[in-house]
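Numbering (the numbering used here), first residue to last: 39 to 179.
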Amino acid sequence: MSVDSGSASMAARLGIKPGMVVQELGWDEDADEDLRDSVVEISGGEMVDEDSDEVADVVLLWWREEDGDLIDALVDSLAALADDGVVWLLTPKSGRPGHVEPGEVTEAAPTAGLQQTSSISAAKEWAGIRLVTPKAARSKR
């Protein structure tokens, strides 16, 4: 399958590069397929799930308000994450079903051992919040 340059840039905005291992958590029918296809094309490999033994460079965590405890999900997202890896928390944009209030992320991330570094429009219906471990943030300076 061929991803057009517009959707390929979706994965590039997430910092996806060829050869990266990307783990996907929280996928459901509402996940953005163009974004997913873009990640697969840029990384050059299929995304792995929570059962994989591979160390992930990037974790894509699809999250909706009704999905449960965000802190638990963020902690779980760290299980296979490389020391300098990134978690992209993907939530429905404001006004969409399942939207997560920014304050919830602001409270949950530090409790899970993560810090927020930026937010982007990841896809048509999804916002992306970039989360890193504090040691990864320091190593990027």
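Every residue gets a Cβ at the ideal spot worked out from N, C-alpha and C, and that includes glycine. Because the structure is a prediction, the values reported are computed rather than measured.
**Prompt:** Using CA coordinates, which residue listed in E67, L169 and L63 is at the minimum distance from D121?
**Reply:** Measuring from the Cα of D121, the nearest candidate turns out to be L169.
**Message:** Using 8 Å as the cut-off, can you tell me whether the region 77-92 makes contact with the region 46-65, which would need three or more C-beta pairs spanning the two stretches below that distance?
**Reply:** Because the criterion of three Cβ pairs below 8 Å is met, the region 77-92 and the region 46-65 touch.
**Asked** By Cβ distance, which residues of its chain are closer than 7 Å to S40, with the 5 residues on each side in sequence left out?
**Response** Here S40 scores only 43 on pLDDT, less than 50, and its place in the model should not be relied on; the value that follows carries that caveat. Taking C-beta separations shorter than 7 Å and ignoring five residues to either side along the sequence, S40 has no partners in its chain.
**Item:** A111 (DSSP reduced to helix, strand or coil)
**Value:** Helix, per DSSP.
**Request:** Give the DSSP bridge partners of E62, in chain order.
**Result:** Bridge partners of E62: L98.
**Prompt:** Per DSSP, V124 forms a beta bridge with which residues?
**Reply:** Answer is V96.
**Request:** Indicate the three-state DSSP secondary structure (helix, strand or coil) for L152 in the structure shown.
**Result:** Residue state, collapsed to three classes: coil.
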